[in-house]
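Residue numbers (the working numbering): 545 to 881.
For glycine and all other residues, C-beta sits at the position ideal for the given N, C-alpha and C.
Note that the structure is predicted; figures quoted are calculated from it, not measured.
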């Protein structure tokens, strides 16, 4: 049995980790190390994790403490660097995994796949449990960049699909990968704290000739969707949204694709910033977009050399990635390709 490493990034998440940690420690897979990377929490998160380490001495639990919030990419890279597992599962701190056989199941599924990079577990926001319709089944590209507003699909329809489901992007809340593949990809880009992780490295995996898949045999639950709906929090995300997504497009795609996708994505992000400023009644969202455009331009001297490295390792054309689409769903829980 190969060792697997579960890496959880935390930041002021006490209310969530009190729900997620105890059940996660119930995994029956024997060779697991749990690595918590805390980004400067001040709400008791660190103290709670230390209590769990003391109470569960039979479990291999490690804690990495950062004095400040280093962001998603750097913290996840820290966790992977400290890990010793053949496989890695990266989780947000608000992901609830209740099935004690989850790691055993996903390892077995991963090993059955052809040339996998990321395997993304299907997950539902807690608010979606009532009706069962979700958008968290992987992400795909269209001419304007990544498609955020995908159609909602019932999770039973997704789980009913009997063939493998290839996706362009594994969404960052839960990402499973072999560490050897991770090392080939070079980890997350650390040039900004947020919005430069899942779509960037997933696209790079495709460029390098790997495939990303959806693990649809079961689902896990995302507890923290509601925290994204606050206007000020949205503005904070907007400060890095355009720059991160535009960097990912510039680095990973060919010059021809960039000629049309970069301006189209910029236009879409501009309209969205205006719309959400009005919808959430917070003008700071629009000013955050302007700041993010500045960050993208400022960081070009850092981004362009990274683009050169990625393009020199290209194994497939953009067309393959851009042609990836979700299966067409039929009614009553059946799917068709």
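Quick check on this structure: which residue in the options has the alpha carbon closest to the alpha carbon of residue i?
| i | options | result |
| --- | --- | --- |
| residue 837 | 807, 722, 856 | 807 |
| residue 847 | 818, 788, 824 | 788 |
| residue 802 | 823, 688, 564, 629 | 688 |
| residue 765 | 699, 648, 583, 731 | 699 |
| residue 819 | 697, 784, 830 | 830 |
| residue 792 | 750, 608, 710 | 750 |
| residue 869 | 859, 709, 609 | 709 |
| residue 563 | 600, 871, 768, 613 | 768 |
| residue 733 | 703, 809, 618 | 618 |
| residue 752 | 861, 692, 653 | 861 |
Evaluate residue i with the Cβ neighbour count: other Cβ atoms within 10 Å of its Cβ, from every protein chain shown; 16 or more gives buried, anything less gives exposed.
| i | result |
| --- | --- |
| residue 782 | buried |
| residue 842 | exposed |
| residue 671 | exposed |
| residue 628 | exposed |
| residue 823 | exposed |
| residue 639 | buried |
Can you determine whether any heavy atom of the ligand COA sits closer than 7 angstroms to the C-beta of residue i, and answer yes or no?
| i | result |
| --- | --- |
| residue 626 | What this structure holds is no ligand at all, so the ligand COA is not there to describe. |
Which partner residues of residue i appear in the DSSP bridge assignment?
| i | result |
| --- | --- |
| residue 553 | 581, 636 |
| residue 669 | 766 |
| residue 662 | 721 |
| residue 615 | DSSP lists no partner for residue 615. |
| residue 610 | 583 |
Looking at the secondary structure, which residues open and close the alpha helix (DSSP H) in which residue i lies?
| i | result |
| --- | --- |
| residue 840 | 828–842 |
| residue 598 | 589–599 |
| residue 745 | 742–751 |
| residue 710 | Unbroken run through residue 710 is the beta strand (DSSP E), 709–711; no alpha helix (DSSP H). |
| residue 691 | No alpha helix (DSSP H) contains residue 691, which DSSP labels as neither H nor E. |
| residue 687 | Neither: residue 687 is in no alpha helix (DSSP H) and is coded neither H nor E. |
May I ask which residues mark the beginning and end of the beta strand (DSSP E) holding residue i?
| i | result |
| --- | --- |
| residue 766 | 755–766 |
| residue 643 | First-last for residue 643: undefined, no H or E at that position. |
Does the distance from the C-beta atom of residue i to that of residue j stay below 8 angstroms?
| i | j | result |
| --- | --- | --- |
| residue 739 | residue 784 | yes |
| residue 616 | residue 741 | yes |
| residue 633 | residue 720 | yes |
| residue 850 | residue 795 | yes |
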